[in-house]
Amino acid sequence: GGATGNVLAQLPPMSIPQPLGDNLPTDPAEWDGLVSRNATCPCGSGLKYKHCHGQVA
């Protein structure tokens, strides 16, 4: 038996992280430590936080 077929069909669905919503300060400078660097940036850009507002200056 070969391994043919769609591998993705065998994987369980991924949980989608929920945005922090109202608990997040409106000032992006205050997001440091509240948002994981690998999480999607809360600004809505779709980029990871570390590539968006979480860039180290």
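If you're matching positions, the sequence shown starts at 1273 in our numbering and goes up one per residue.
Beta carbons are placed, not taken as given, at the ideal position from N, Cα and C, and that holds for glycine.
Can you tell me the Cα-Cα spacing of residue i and residue j, whole angstroms?
{"i": "Asp1304", "j": "Cys1313", "result": "11 Å"}
{"i": "Lys1239", "j": "Ala1311", "result": "One cannot answer for residue 1239 here, as it falls past the ends of the chain, which runs 1273 to 1329."}
{"i": "Leu1330", "j": "Gly1316", "result": "The structure shown does not extend to residue 1330, since the chain is modelled only from 1273 to 1329, so the question has no answer here."}
{"i": "Gln1327", "j": "Val1307", "result": "12 Å"}
{"i": "Arg1309", "j": "Lys1322", "result": "5 Å"}
Using a Cβ-Cβ cut-off of 6 Å (strictly less than) and excluding sequence neighbours within five positions of residue i, which residues of its own chain qualify?
{"i": "Pro1300", "result": "His1325"}
Spell out the partners DSSP gives residue i in its beta bridges.
{"i": "Thr1312", "result": "Lys1320"}
{"i": "Val1307", "result": "Asp1304"}
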